[in-house]
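Trainee: Counting from 1 along the sequence shown, just add 1203 to a position and that's the residue number in the numbering used here. Positions of the beta carbon are idealized from the N, C-alpha and C atoms, including for glycine. One structure, pasted below without further comment.
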Amino acid sequence: MNIVVAYRSSKLAMKMLDTAIEHAKNYNGTIFVVTSLEGGSKQDVDEVNEARDSLEHAKKRIEKEGIACETHLLVHGLSAGEDIVEFAKEKKAEEIIVGVQKKSKVGKFLMGSTAQHIILSAHCPVIAVKY
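Written out as C-alpha cells, the structure is:
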C-alpha cells in the first residue's frame, strides 16, 4: 500500500505521521512524505531549508519503525493541493493523509483549503487528521 502524507511541520505533523505509520504497519505499506512549496520569489531560502529539515526528521521517525519511506519536496509552481493530488496519482497512492484545523469563514475564503482540494480531487481515499 502506498500512503502519501501531505506534510507541513506543525503540532499536527506527529499525529499525521502516527496515523501513516499505523496504516503502513497494518497493510505493509510504503510512506511518501510530501511537502509542497510554490517556489519562485515567493519562497525564501530559509523556508526551503526548514522544509528539507522537517522532511528529514519525518523520514527518520518513520524508518525508526522499520517502514519504507521516501520524502519529496515539490516546487512546481502549483498550489499545494494540486501538487499533492498529482504526486499521489504518479505514485499510485492508495491513501492520502492530510491535516485539518478549524478555520473561520473569512480564513477559508482568503487562504483557500489545501485539505479540501485534496479531499475533493484525489483519486483515492483521504484521511483527515484534525487538531
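Using DSSP with H/G/I as helix, E/B as strand and the rest coil, what is L1215?
Mentor: Correct three-state label for L1215: coil.
Trainee: Can you tell me whether G1269 is buried or exposed? The criterion is at least 16 other CB atoms within 10 Å of its CB, across all chains shown.
Mentor: That one is exposed.
Trainee: For E1298, count neighbouring Cβ atoms within 10 angstroms of its own Cβ and tell me buried if that reaches 16, exposed if not.
Mentor: Answer is buried; the Cβ neighbour count reaches 16.
Trainee: Out of L1215, T1317, L1220, A1318, which one is the CA nearest neighbour of E1273?
Mentor: Cα-wise, what sits closest to E1273 is L1220.
Trainee: For N1205, count neighbouring C-beta atoms within 10 Å of its own C-beta (all shown protein chains included) and say buried if the count is 16 or more, exposed if not.
Mentor: Buried, because 16 or more other Cβ atoms sit within 10 Å of the Cβ of N1205.
Trainee: Alpha carbon to alpha carbon, what distance is there between T1233 and K1294?
Mentor: K1294 and T1233: Cα-Cα distance of roughly 10 Å.
Trainee: Determine, using beta carbons only, whether A1209 and V1237 come nearer to each other than 9 Å.
Mentor: Yes; because the gap between Cβ atoms is below 9 Å, this pair is in contact.
Trainee: So for S1324, helix, strand or coil by DSSP?
Mentor: In the structure shown, S1324 sits in a helix (DSSP, three-state: H, G or I).
Trainee: Out of K1262, S1212, C1327, point me to the one whose CA is closest to S1239's CA.
Mentor: Cα-wise, what sits closest to S1239 is S1212.
Trainee: Let me know the secondary structure DSSP gives I1224 once reduced to three states.
Mentor: The answer is helix: DSSP assigns I1224 an H, G or I state.
Trainee: Return the residue from the list K1333, M1217, A1325 that minimises the CA-CA distance to R1264.
Mentor: The candidate whose alpha carbon is nearest that of R1264 is M1217.
Trainee: Return the first residue and the last residue of the beta strand (DSSP E) that L1277 is part of.
Mentor: Note, L1277: beta strand (DSSP E), 1272-1277.
Trainee: Under 9 Å between the Cβ atoms of G1284 and V1332?
Mentor: No, they are not a contact pair.
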